[in-house]
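Novice: Taken in order, these protein sequences are the chains called B and E.
If you read the first sequence in this note's numbering, its first letter stands for residue 1, the second for the next number, and so on.
If you read the second sequence in this note's numbering, its first letter stands for residue 232, the second for the next number, and so on.
My questions will all concern the structure given below.
2 protein chains.
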Amino acid sequence: MTERDKSVSKRWYDDACGAALGMEFVGERWSLLLMRELLLGPRRFNELRAGLPGISANVLTQRLAGLERVGILLRRRLPSPANVQVYELTAWGYESEEVVLALARWALRSPSHDPTLPFSPVSLILSLRMLLVPERADGLHATIGFRLGEEVYGGRLEDRALRVWRGEPDRPDAVFAGQPSHFLPVFYGGMPLAQAEAAGMLQVEGDRAVAARFSTLFALPDKVAADGAPA
Amino acid sequence: MTERDKSVSKRWYDDACGAALGMEFVGERWSLLLMRELLLGPRRFNELRAGLPGISANVLTQRLAGLERVGILLRRRLPSPANVQVYELTAWGYESEEVVLALARWALRSPSHDPTLPFSPVSLILSLRMLLVPERADGLHATIGFRLGEEVYGGRLEDRALRVWRGEPDRPDAVFAGQPSHFLPVFYGGMPLAQAEAAGMLQVEGDRAVAARFSTLFALPDKVAADGAPA
DNA sequence: CTGTATCCGTGTTGATACTG
DNA sequence: CAGTATCAACACGGATACAG
Chain B
1 MTERDKSVSK
11 RWYDDACGAA
21 LGMEFVGERW
31 SLLLMRELLL
41 GPRRFNELRA
51 GLPGISANVL
61 TQRLAGLERV
71 GILLRRRLPS
81 PANVQVYELT
91 AWGYESEEVV
101 LALARWALRS
111 PSHDPTLPFS
121 PVSLILSLRM
131 LLVPERADGL
141 HATIGFRLGE
151 EVYGGRLEDR
161 ALRVWRGEPD
171 RPDAVFAGQP
181 SHFLPVFYGG
191 MPLAQAEAAG
201 MLQVEGDRAV
211 AARFSTLFAL
221 PDKVAADGAP
231 A
Chain E
232 MTERDKSVSK
242 RWYDDACGAA
252 LGMEFVGERW
262 SLLLMRELLL
272 GPRRFNELRA
282 GLPGISANVL
292 TQRLAGLERV
302 GILLRRRLPS
312 PANVQVYELT
322 AWGYESEEVV
332 LALARWALRS
342 PSHDPTLPFS
352 PVSLILSLRM
362 LLVPERADGL
372 HATIGFRLGE
382 EVYGGRLEDR
392 ALRVWRGEPD
402 RPDAVFAGQP
412 SHFLPVFYGG
422 MPLAQAEAAG
432 MLQVEGDRAV
442 AARFSTLFAL
452 PDKVAADGAP
462 A
């Protein structure tokens, strides 16, 4: 009716290259970050807003419609008594995890990364999956819980790989609690876990030895110089 | 770095996530495709225009400046007698190949891909690297040349991997000539090479057996349904 | 409370024309 | 060939109003 039901972008690239097609799907402002927020499972409208600092409601609505139109996500109404609408990636939408993580891993090599900016729970959990150093995880199998504000996530480390999900972990070996940004100094900055606990940044329950080791399994990629040369 | 470089985009995401940073770098219209055009080596202003159907000169200028500022590319003046300005990716810029290819591979699963759109020489050559099916290349070592309009590219297939570059190949086993879009039916659509030759779409020189086998080593990813479900 | 639709100020984009 | 200048159209984000 508003004649503004353009799929993803009104301006298109006239280019048969897959990269051009991909940028039509996810190149609009907010689209890729919105997909990131859905990568760990369905979310409601306002949960998405909360994870996307600064997006306005009308833009979020447009993006959801556009991504739905091209088959990246779908809207679903949960059965009564919940009877609430959620947005969920399609199978193909979930496959975009590789794209999101490849982009993030590449971008993090830039010296202009600012870790003091807001950091959503989903970003933190995905970053663990992305930045695990497999060799450091040798021989460690563990189930970990994360309490990030109101949200709970689980992780299972097995065979040098980390599987993550939203929701309660089953009999976790250790549970971390704190706000996402407070994990960064410990998991990526080399701060000893005990120090973060003493400072009240993080709380740990369960097996502290497992928790301490788990917190050392991750590393940011090496920075490049400001001129793009390897460090 | 708390001083943000807003020259890439006046609007930034207030988000510490690497994906958000990445979208600030390459999320603006044309940026990622511009990087794609540089992935096979330095290019001049008008060569870039030619590979980016529809970009206007002022936007290309802005994008080049923005990408230079954040360290993805640099401008260089070739020594006399050429004495001409070229744009070239930095080492970090070249690392974005993984991002570009991951995006393209994911997007190509969409049924809305239209292979009849314009197709740049760089896109074709990168697509070969991206869509090689390693098992099909077992035991085949060969040097291949590509003449795409005025441009010449080389490829070296070795150990089930394809290395590509812009410029003359050294003693190629076979050379293909034709416009990029005419390669698609043969390399990705199953059309026999001989038929494309007979139709005048492609020309082949050198070892025709190697050329014929080479043309069968590639495959588009499986399509998903329009609703994002696996095919 | 959970979304959706409309208006509006502002900044970005892109076509055309133009200059060194 | 390699860009710059101008300007109209459009997208963004905020506010607000509306609907279940």
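Ideal Cβ positions, reconstructed from N, Cα and C, are used throughout, including at glycine.
Consider the Cβ of Phe256/E: report whether some Cβ of chain B lies at a distance smaller than 7 Å.
Specialist: For Phe256/E, the answer is yes, since a Cβ of chain B falls inside 7 Å of its Cβ.
Novice: Below 6 Å CB to CB, which residues in the same chain sit around Ala457/E once its five sequence neighbours on both sides are set aside?
Specialist: Only Pro342 meet the Cβ criterion.
Novice: Please report the distance separating the alpha-carbon of Ala277/B from that of Arg397/E.
Specialist: Any question about residue 277/B goes unanswered here, given that chain B covers just 1 to 231.
Novice: Relative to the C-alpha of Arg267/E, which candidate in Phe350/E, Trp243/E, Asp245/E, Ser446/E has its C-alpha closest?
Specialist: Ranking Phe350/E, Trp243/E, Asp245/E, Ser446/E by Cα distance to Arg267/E puts Phe350/E first.
Novice: Could you tell me the boundaries of the beta strand (DSSP E) in which Ile144/B lies?
Specialist: Per DSSP, Ile144/B belongs to the beta strand (DSSP E) from 142-148.
Novice: Thinking C-beta only, is Glu68/B closer than 7 Å to Arg76/B?
Specialist: Contact: no.
Novice: Measure from the C-beta of Arg36/B to each C-beta in chain E and report whether the shortest distance is under 7 Å.
Specialist: Chain E, which has a Cβ nearer than 7 Å to the Cβ of Arg36/B, makes this yes.
Novice: Per DSSP, Val364/E forms a beta bridge with which residues?
Specialist: The partner list for Val364/E (beta bridge, DSSP) is empty, contrary to what the question assumes.
Novice: To the nearest angstrom, how far is it from the Cα of Leu33/B to the Cα of Pro273/E?
Specialist: Using only the alpha carbons, I get a separation of about 31 Å.
Novice: Measure from the C-beta of Pro185/B to each C-beta in chain E and report whether the shortest distance is under 7 Å.
Specialist: Not an interface residue.
Novice: Tell me, which residues are paired with Leu193/B by DSSP?
Specialist: None; Leu193/B has no bridge partner.
Novice: Just to confirm my understanding: we take Val186/B, look at its own chain, exclude 5 residues before and 5 after, and list those with CB closer than 7 Å. What are they?
Specialist: For Val186/B, where only same-chain residues beyond five positions count, the Cβ hits under 7 Å are Leu193, Ala196, Leu202, Ser215.
Novice: Counting only beta-carbon atoms, is Ser56/B nearer than 7 Å to chain E?
Specialist: Chain E, which has no Cβ nearer than 7 Å to the Cβ of Ser56/B, makes this no.
Novice: In whole angstroms, give me the CA-to-CA distance for Asp159/B and Val317/E.
Specialist: The straight-line gap from Cα to Cα measures roughly 47 Å.
Novice: In or out: Val331/E buried (at least 16 other Cβ within 10 Å) or exposed?
Specialist: Result: buried.
Novice: So that I know if they touch, is there some Cβ in chain E lying closer than 7 Å to that of Thr90/B?
Specialist: Yes, Thr90/B lies at the interface with chain E (some Cβ there is under 7 Å from its Cβ).
Novice: State yes or no: is the beta carbon of His113/B nearer than 7 Å to at least one beta carbon in chain E?
Specialist: For His113/B, the answer is yes, since a Cβ of chain E falls inside 7 Å of its Cβ.
Novice: Just to confirm before moving on: does the CB-CB distance between Leu124/B and Ala137/B stay below 7 Å?
Specialist: Cβ atoms of Leu124/B and Ala137/B: not closer than 7 Å.
Novice: With a threshold of 16 other CB atoms inside 10 Å of the CB of Asp245/E, please say whether the residue is buried or exposed.
Specialist: Exposed is the call here.
Novice: Is the beta carbon of Leu270/E within less than 6 Å of some heavy atom of the ligand HEM?
Specialist: Looking at this structure, you won't find the ligand HEM or any other ligand, since it has none at all.
Novice: Taking only beta-carbon positions, decide if Val100/B is within less than 7 Å of chain E.
Specialist: At least one chain E Cβ lies under 7 Å of Val100/B.
Novice: Under three-state DSSP, which class holds Val239/E?
Specialist: Only weak support is given to the placement of Val239/E: the predicted model assigns it a pLDDT of 41, under 50, and the value that follows is read from those uncertain coordinates. Of the three classes helix, strand and coil, the one that applies to Val239/E here is coil, per DSSP.
Novice: Using a threshold of 7 Å, state whether the C-beta atoms of Pro169/B and Thr143/B are closer than that.
Specialist: Yes.
Novice: Can you give the Cα-Cα distance for Ser9/B and Ser412/E, rounded to whole angstroms?
Specialist: Note that Ser9/B scores a pLDDT of 43, beneath 50, so its modelled location is shaky and nothing firm can be said.
Novice: How would you label Ala333/E, buried or exposed, when you count the other beta carbons within 10 angstroms and need 16 or more for buried?
Specialist: Buried, since its Cβ has 16 or more Cβ neighbours within 10 Å.
Novice: Beta strand (DSSP E) containing Val331/E: first to last residue?
Specialist: Per DSSP, Val331/E belongs to no beta strand (DSSP E); it is in the alpha helix (DSSP H), 328-338.
Novice: When the distance is taken between beta carbons, is Leu131/B closer than 7 Å to Phe25/B?
Specialist: No.
Novice: Note down, in chain order, each residue of its chain lying with its Cβ closer than 6 Å to the Cβ of Ser96/B, except the 5 sequence neighbours on either side.
Specialist: Within the same chain, Ser96/B has close Cβ partners Met35.
Novice: Could you check what DSSP says for Phe218/B in three-state terms: helix, strand or coil?
Specialist: Of the three classes helix, strand and coil, the one that applies to Phe218/B here is strand, per DSSP.
Novice: Rounded to the nearest angstrom, how far is the Cβ of Ala177/B from that of Asp207/B, given a contact under 8 Å?
Specialist: Not confirmed; about 15 Å, so no contact.
Novice: Below 7 Å between beta carbons: does that hold for Asp222/B and Ala229/B?
Specialist: Their beta carbons are not under 7 Å apart, which means Asp222/B does not touch Ala229/B by this criterion.
Novice: List the residues of chain E that Pro118/B touches, going by C-beta distances under 8 Å, in chain order.
Specialist: Within 8 Å Cβ-Cβ: Asp245, Asp246, Ala247.
Novice: How big is the Cα-Cα spacing for Ala16/B and Ile286/E?
Specialist: Rounded to the nearest angstrom, the two C-alpha atoms are 15 Å apart.
Novice: So what's Glu319/E in DSSP terms, helix, strand or just coil?
Specialist: Reduced to three states, the DSSP call for Glu319/E is strand.
Novice: In the DSSP output, which residue or residues are listed as bridge partners for Gln179/E?
Specialist: In this structure chain E extends from 232 to 462, so residue 179/E is not present and cannot be described.
Novice: With distance defined between alpha-carbon atoms, name the residue in Leu371/E, Leu252/E, Thr347/E, Glu278/E nearest to Val441/E.
Specialist: Among Leu371/E, Leu252/E, Thr347/E, Glu278/E, the Cα nearest to that of Val441/E belongs to Leu371/E.
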